[in-house]
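S.K.: Protein chains in written order, with the working numbering: chain A, 1 to 325; chain B, 326 to 756.
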Amino acid sequence: MNNIQLDSQNRLKHFLGIEGLKRDLLIEILDTAASLINVHEKAVKKVPLLRGKMVINLFFEPSTRTRTTFELAAKRLSADVLNFNIDTSSSSKGETLIDMLRNLEAMHCDMFVVRHNASGAAHFMAQHVASHISIINAGDGQHEHPTQAMLDMYTIRQYKSDFTPLRVAIVGDILHSRVARSNIHALTILGASEVRVVGPKTLIPKGIEELGVKVFHDLKRGLCDVDVIIMLRLQRERMQGALLPSAYEYFQYYGLTEKILNVAHPDAIVMHPGPINRGVEIDSTVADGVRSVILQQVSNGIAVRMAVMAMTLSTMESPSLKKEQ
Amino acid sequence: MTTLSILGGRVIDPASNLDLVTDLYIVDGKILSIGTPPANFSAERQIDAKNQIVCPGLIDLSVRLREPGAEHKGTIKSETHAAAAGGITTLCCPPDTNPIIDTPAVVEHLSHRAIDAGMAKVLPLAALTQGLKGEHLAELGHLKKNGCIGVSNVQPIINTNVLRHALEYAANCELKVFIYAQDPWLTCDGGIHEGAISTRLGLYGIPEIAETIEVARHLFLIEMTGVQAHFCRLSTARAVDMVKQAQAKGLPVTADVSAHHLFLTDVDISDYSSQCHVNPPLRSEHDKKGLREGLIQGGINAVCSDHQPHETDAKLSPFAMTAPGISGLDTLLSLILSLAEEMQIDLMTVLGYVTYQPAKILDIDAGTLAIGNAADIVIFDPSHHWILSEDNMHSLGHNSPFLGRKFKGKVMYTLINGQVVYTHSKVKSEK
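1. Give me the Cα-Cα distance between Q325 of chain A and S131 of chain A, rounded to the nearest whole angstrom.
2. In angstroms with no decimal places, state the Cα-to-Cα distance between Y253 of chain A and I229 of chain A.
3. Using beta-carbon positions only, say whether V628 of chain B and V552 of chain B come within less than 8 Å of one another.
4. Tell me whether S341 of chain B is buried or exposed, calling it buried when 16 or more other Cβ atoms sit within 10 Å of its Cβ.
5. Thinking C-beta only, is A264 of chain A closer than 8 Å to V226 of chain A?
6. Can you find the residues in the same chain that come closer than 7 Å, C-beta to C-beta, to E28 of chain A, ignoring five residues on each side of it along the sequence?
7. Quick one: Cα of G677 of chain B to Cα of S330 of chain B, how far?
8. Run through chain A and tell me which residues come within less than 7 Å of T347 of chain B, C-beta to C-beta.
9. For M326 of chain B, count neighbouring Cβ atoms within 10 angstroms of its own Cβ and tell me buried if that reaches 16, exposed if not.
10. Using the Cα positions of L219 of chain A and G279 of chain A, report the straight-line distance between them to the nearest angstrom.
11. With distances taken from CA atoms, which of B:K751, B:L694 and B:L450 is nearest N717 of chain B?
12. Going by DSSP in three states, C417 of chain B sits in which element: helix, strand or coil?
13. Whole beta strand (DSSP E) runs in the region 558 to 597 of chain B with 3 or more residues, listed along the chain?
14. So what does DSSP say about G551 of chain B, is it helix, strand or coil?
15. The alpha helix (DSSP H) spanning G677 of chain B covers which residue range?
16. Could one say the Cβ of K13 of chain A lies closer than 8 Å to chain B's Cβ atoms, at least one of them?
17. Taking the beta strand (DSSP E) that N137 of chain A belongs to, which residues open and close that run?
18. Just to confirm my understanding: we take I482 of chain B, look at its own chain, exclude 5 residues before and 5 after, and list those with CB closer than 6 Å. What are they?
19. Could you check whether the Cβ of S320 of chain A sits closer than 8 Å to any Cβ belonging to chain B?
20. Between H635 of chain B and L654 of chain B, how many whole angstroms is the CB-CB distance? I'm expecting something under 8 Å.
21. Classify V304 of chain A as helix, strand or coil using the three-state DSSP reduction.
22. For H397 of chain B, which residues in the same chain have their Cβ closer than 6 Å to its Cβ, ignoring the five residues on either side in sequence?
23. On a Cα-Cα basis, can you pick out the residue from A:P266, A:D267, A:R305 and A:R238 that is closest to R281 of chain A?
24. By the criterion of Cβ-Cβ separation under 7 Å, what are the contact partners of P205 of chain A in chain B?
25. On the DSSP letters alone, give me the boundaries of the beta strand (DSSP E) that P449 of chain B sits inside.
26. Beta-carbon separation of L500 of chain B and K470 of chain B under 8 Å?
27. Go to F216 of chain A, then tell me how far its beta strand (DSSP E) extends in each direction, as first and last residue.
28. Less than 8 Å between CB atoms is the rule here; does S119 of chain A satisfy it with respect to chain B?
29. Cα-Cα, which of A:A287, A:L243, A:G199 and A:N277 is closest to E258 of chain A?
30. Under the three-state reduction of DSSP, which class applies to K469 of chain B: helix, strand or coil?
31. Tell me whether the region 336 to 354 of chain B and the region 371 to 389 of chain B touch, counting them as touching only if at least three CB pairs, one residue from each stretch, are closer than 8 Å.
32. I want to verify the contact list: residues of chain B whose CB lies under 7 Å from the CB of R178 of chain A, in sequence order.
33. List the whole-angstrom C-beta distance separating L82 of chain A from N57 of chain A, where the pair is believed to meet the contact cut-off of C-beta under 8 Å.
34. At the level of alpha carbons, what is the spacing between E249 of chain A and A242 of chain A?
35. How far does the beta strand (DSSP E) with L25 of chain A in it reach, from first residue to last?
36. Would T400 of chain B be called buried (16 or more neighbouring beta carbons within 10 Å of its own) or exposed?
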C-alpha cells in the first residue's frame with residue numbers, strides 16, 4: 001500500500017510509512033542521517049540542501065517534541081518553516097482536509113509534515129496533493145510514525161551495529177501505538193532475529209502476530225534475553241475504556257524497573273519515544289539509568305528527519321541538486 | 326385494454342421452476358398467459374426478447390432513497406429510476422430518513438412521491454420505536470394501516486425490556502421486524518472488521534461478536550415473543566449458522582446479505598479504500614465463504630443491494646472519517662450473475678435470491694411470473710459486457726468499489742405493471 005510513497009525509480013517521494021519499504025532504502029536513510037548528524041557541531045549549524053524550500057508543519061494533534069525536531073531539521077537544511085497547529089475544532093467549522101490542502105498548496109510550499117488523529121490521513125493527503133509536494137507522515141492515528149521508527153533504528157544501530165542477531169521487545173499499549181507498528185515493520189525489514197510485543201491482552205490488537213511478532217503477556221518472560229527494550233507511553237485515557245484498572249496496577253505488572261531489567265541481556269538498551277510517564281510505564285531509575293538511551297533518541301531525531309526531508313525533496317529536483325548532496 | 330407481448334426470450338421464473346424459451350402475453354398490466362397467446366389476442370406492442378432472459382423484476386430489500394432529508398445524495402425520483410435501470414421493480418426503504426418514518430404522514434408523503442415518480446414500487450419500513458431512539462413504541466398499528474410493510478430497529482435497541490415489548494407489540498400487529506444486529510458497545514467508528522488488517526492499518530475494528538451477540542439476544546426474544554423476524558445484512562459466517570439453526574428449530578426467522586459482502590472482504594480496504602467503508606463492515610474471507618454457503622445450505626434467504634448513495638465528498642476523507650455505504654442499484658443484477666458464474670450455480674437459483682425469496686420475506690404477490698400477477702418484469706441480455714463507470718451509473722451516488730470492474734449482463738427493458746419504464750440505449754439505437 002505504500003507504493004504511493006516511491007517515485008518511478010523507487011526513490012522516496014513521500015514518507016508515509018515503513019511498511020512495504022526495502023531494506024536498502026531504510027539503510028540509505030540511516031546512512032544519510034549519519035552524514036548529517038554533526039551539522040549542529042559546526043559554527044554555522046546549517047547545510048543548504050533545502051535552501052529556498054518551504055516546509056509546512058501541519059499538526060492536527062498536539063505535539064512538542066516531534067514538531068520541534070521537524071522544525072529544527074528543516075531549519076538546519078536551510079528551509080523556511082511555517083507551523084500550523086490545527087485545533088480539531090477549526091476543521092469542524094466545515095473545512096474539509098481536501099479544502100485545507102488546496103489552500104495550503106496555494107501558498108507555494110514544497111512539503112507538508114503532517115500529524116493527524118485519523119489513521120491513513122497522510123496516505124490520503126499524498127493521494128490528493130499536487131504532484132510537486134512531498135508529504136511526511138509525523139504520525140497518523142494508530143497507524144504509523146515512520147520517522148520515529150527510523151530514529152529508533154538509528155539509535156539501535158549506534159549501540160548494536162548489526163540488526164540481525166537482535167531480540168527486541170516492544171512493551172505497553174500496542175493497540176493504540178503507531179510507534180509500535182512502524183518499529184515492528186522496520187525491525188522486520190532490517191532482519192532482527194526476533195520482535196516481541198509485550199502487554200496485557202486488552203492492549204494487544206487482534207492479529208498482530210501476522211506482522212511477524214511474538215506476543216507475550218508476562219513482562220518477565222517477554223524481556224528474557226532481549227537486546228533492546230522499547231517502552232511505550234501509556235495514555236491516561238486508557239483507564240476510562242476499561243482497558244486497565246489503574247496506573248498503579250499497570251506499573252506493578254508492566255512497569256520497567258531495575259529488577260525486571262535483570263532478565264534482559266546484560267548489554268540491553270532501554271528506549272522510549274517520549275514523553276515518559278515516570279512510575280507508570282518506567283521507573284525513574286531506569287529512565288535515567290546507564291542503559292537508557294532515551295535522550296540520545298531525541299538528538300538522533302533531528303538528523304533522521306533531516307535525512308528524510310532531504311531525500312524526499314531531492315526526488316522532486318533536477319539531478320544537479322542530487323549531486324550537491 | 327392495453328396489450329403487450331414479449332417474444333422468444335428465455336423465460337426464467339424461479340418461483341414456478343420455469344426455464345423455457347417462450348412468449349409472454351400481458352394485458353392491462355397483468356400477465357395473462359405464457360406460451361400460447363390468449364384467444365383473440367393482438368399485441369399493441371411486441372418486444373423481441375431473442376437471446377435475452379425474461380424474469381420477474383428484482384425485489385430489493387434495502388434501498389436508501391435519501392428522500393426525505395438528504396436529497397443531495399439521492400431523491401425518490403433519481404433512485405427509483407436507477408432501480409428500474411437495474412431491473413429492480415420493487416424496493417424496501419429503511420425508516421432512517423429525516424424525518425424518520427415513524428408517523429403515517431411520512432409514509433404517505435413517501436408513497437405519493439414514489440407514485441409520482443412512476444418507477445420502482447416503494448415499500449417503506451417503519452421505525453419500531455419513535456425516532457428510532459429505542460425508548461417508546463411507534464404507532465405500529467397506524468403505520469401498518471398506512472402502508473408500511475414491516476418495522477425495523479435500524480439502530481440497536483439497548484434496553485432489552487423495551488426490545489422485548491417492541492417485539493411483542495409488533496407480533497400483536499402482525500408486523501414483521503427487520504433487525505439490524507450490531508452491538509453498539511462493541512461497534513466503534515472504525516468501519517472495518519477486527520483482525521490482522523485493522524491492526525495493520527491502525528483502524529479500530531468491529532469484532533465478529535458485535536454481530537453474533539446481538540443475533541443471539543434477538544433469537545431468544547424471537548422465540549419468546551413469536552414475532553416474525555428478518556435479520557438484515559448479516560456479515561459473519563457464525564451469525565449465518567445461528568440463523569440456520571434457528572430456522573431448523575422452526576423459529577420464524579429469515580436473513581439477507583448485501584451483494585457486496587458476497588464479493589469483498591477486509592483485504593479490499595488494505596489501501597484505506599473509503600469506497601469499501603460499509604456497515605456492517607466487510608469481513609474475512611472465511612465470513613465471505615460462510616455467507617455464500619448460507620445461500621445454498623440455509624441461513625441466508627435473499628440478496629439485496631443495501632443501496633446507500635453518497636455525494637463525492639462523503640468519501641473524500643481519511644477512511645474512518647468517511648460515510649459508510651455503497652451505491653448498489655446499478656450493480657445488483659450483474660453481481661448476482663457473477664455469483665452464478667463464480668459459485669457455478671444455475672441462473673434459476675441465483676435469480677430466486679432477488680425475486681421470489683425477498684417477495685416471500687415481504688409476503689407480497691410479486692417476484693414471480695404467475696398468471697394474473699402484475700407484469701413487473703426485467704428483460705436482460707446475459708452476454709452483454711460492460712464496465713462500471715461514473716458515467717454509466719444511474720444512481721445519483723457514484724460511490725462504488727466496483728468502478729472499473731467488468732460485468733456481464735445488462736438490463737434492456739424494465740416493465741412495471743406492464744409499462745416499459747426503462748429501455749437500454751442499445752435497444753433504442755437499434756430501432
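In this text, a Cβ means the ideal position worked out from N, Cα and C, and glycines have one as well. Predicted, not measured: the structure shown is a model, and the values here were computed from it.
M.R.: Taking the coordinates as given:
1. On the first sequence, position 325 is the one that residue 325 of chain A refers to. On the first sequence, position 131 is the one that residue 131 of chain A refers to. Interpretation of Q325 of chain A is limited by its pLDDT of 39, a score under 50 that renders its predicted location unreliable; the figure taken from the coordinates is listed afterwards. Roughly 23 Å between the two C-alpha positions.
2. Sequence index remark: in the first sequence, residue 253 of chain A carries index 253 (1-based). Sequence index remark: in the first sequence, residue 229 of chain A carries index 229 (1-based). If you take the alpha carbons of Y253 of chain A and I229 of chain A, they lie about 16 Å apart.
3. As a first step, residue 628 of chain B must be located in the second sequence, where it is residue number 303. As a first step, residue 552 of chain B must be located in the second sequence, where it is residue number 227. No, the Cβ-Cβ distance between V628 of chain B and V552 of chain B is not below 8 Å.
4. As a working note, residue 341 of chain B is residue 16 in the second sequence. So S341 of chain B counts as exposed.
5. The residue you call residue 226 of chain A lines up with position 226 of the first sequence. The residue you call residue 264 of chain A lines up with position 264 of the first sequence. Taking 8 Å as the Cβ cut-off, V226 of chain A and A264 of chain A qualify as a contacting pair.
6. Position 28 of the first sequence, counting from 1, holds the residue named residue 28 of chain A. Cβ within range, chain order: n/a, list empty.
7. The residue you call residue 677 of chain B lines up with position 352 of the second sequence. The residue you call residue 330 of chain B lines up with position 5 of the second sequence. So the alpha carbons of these two residues sit roughly 23 Å apart.
8. Numbered from its first residue, the second sequence carries residue 347 of chain B at position 22. Within 7 Å Cβ-Cβ: nothing; T347 of chain B doesn't reach chain A, min ~52 Å.
9. As a working mapping, residue 326 of chain B is identified with position 1 in the second sequence. The residue is exposed, with fewer than 16 neighbouring Cβ atoms inside 10 Å.
10. Reading the first sequence from its first residue, position 219 is the one you call residue 219 of chain A. Reading the first sequence from its first residue, position 279 is the one you call residue 279 of chain A. Spanning the alpha carbons of L219 of chain A and G279 of chain A requires a straight line of approximately 16 Å.
11. Residue mapping note: residue 717 of chain B aligns to position 392 of the second sequence, counting from 1. That would be B:K751, whose Cα lies nearest to the Cα of N717 of chain B.
12. Here the question's residue 417 of chain B lines up with position 92 in the second sequence. C417 of chain B falls in the strand class under three-state DSSP.
13. 578 to 583
14. On the second sequence, residue 551 of chain B is found 226 positions in, with the first residue counted as 1. Coil, per DSSP.
15. Locating residue 677 of chain B in the second sequence gives position 352, counting from the first residue. Per DSSP, G677 of chain B belongs to the alpha helix (DSSP H) from L672 to Y678.
16. Start at 1 with the first residue of the first sequence, and residue 13 of chain A comes out as number 13. No - not a single Cβ of chain B is within 8 Å of the one on K13 of chain A.
17. Reading the first sequence from its first residue, position 137 is the one you call residue 137 of chain A. Element bounds for N137 of chain A: S134 to D140.
18. Along the second sequence, one-based indexing puts residue 482 of chain B at 157. So the list reads G459 and L488, once near-sequence residues are dropped.
19. Locating residue 320 of chain A in the first sequence gives position 320, counting from the first residue. Bear in mind that the predicted position of S320 of chain A carries a pLDDT of just 40, short of 50, making it unreliable; the figure below should be weighed with that in mind. Answer no: the Cβ-Cβ gap between S320 of chain A and chain B never drops below 8 Å.
20. Your numbering for residue 635 of chain B matches position 310 in the second sequence. Your numbering for residue 654 of chain B matches position 329 in the second sequence. Wrong, their Cβ atoms sit about 13 Å apart, outside the cutoff.
21. Counting from one through the first sequence, the residue named residue 304 of chain A turns up at place 304. Reduced to three states, the DSSP call for V304 of chain A is helix.
22. Here the question's residue 397 of chain B lines up with position 72 in the second sequence. The beta carbon of H397 of chain B lies closer than 6 Å to those of E636 in the same chain, with the five residues before and after it left out.
23. Residue numbering aside, residue 281 of chain A sits at position 281 when the first sequence is read from its first letter. Arg is not the amino acid found at residue 281 of chain A; the sequence shown has Glu there. Measuring from the Cα of E281 of chain A, the nearest candidate turns out to be A:R238.
24. For this step, residue 205 of chain A is matched to residue 205 along the first sequence. By Cβ distance, chain B contributes T524.
25. Indexing the second sequence from 1 puts residue 449 of chain B at position 124. Note, P449 of chain B: beta strand (DSSP E), K446 to A452.
26. Mapped onto the second sequence, residue 500 of chain B falls at position 175. Mapped onto the second sequence, residue 470 of chain B falls at position 145. Not a contact, by the Cβ cut-off of 8 Å.
27. Residue 216 of chain A sits at position 216 when you count from the first residue of the first sequence. Element bounds for F216 of chain A: K214 to F216.
28. Working through the first sequence from its first residue, we reach residue 119 of chain A at position 119. Yes, S119 of chain A lies at the interface with chain B (some Cβ there is under 8 Å from its Cβ).
29. Residue numbering aside, residue 258 of chain A sits at position 258 when the first sequence is read from its first letter. E258 of chain A has its Cα closest to that of A:A287, out of A:A287, A:L243, A:G199 and A:N277.
30. By 1-based counting over the second sequence, the position of residue 469 of chain B is 144. Look at K469 of chain B here: in three-state DSSP terms it is helix.
31. Using a C-beta cut-off of 8 Å, the region 336 to 354 of chain B makes contact with the region 371 to 389 of chain B, since at least three inter-stretch Cβ pairs fall below that distance.
32. The residue given as residue 178 of chain A occupies position 178 in the first sequence. For the C-beta of R178 of chain A, the chain B residues within less than 7 Å are, from N- to C-terminus, G527.
33. Start at 1 with the first residue of the first sequence, and residue 82 of chain A comes out as number 82. Start at 1 with the first residue of the first sequence, and residue 57 of chain A comes out as number 57. Your pair L82 of chain A and N57 of chain A checks out as a contact, with CB atoms roughly 7 Å apart and the cut at 8 Å.
34. What you label residue 249 of chain A is simply residue 249 of the first sequence in a count that begins at 1. What you label residue 242 of chain A is simply residue 242 of the first sequence in a count that begins at 1. Looking at the two C-alpha atoms, the distance is approximately 13 Å.
35. By one-based count along the first sequence, residue 25 of chain A stands at place 25. It is not in any beta strand (DSSP E) - L25 of chain A instead sits in the alpha helix (DSSP H) that spans R23 to L36.
36. Here residue 400 of chain B refers to the residue found at position 75 when the second sequence is read from its first residue. The residue in question, T400 of chain B, is buried, as its Cβ has 16 or more Cβ neighbours within 10 Å.
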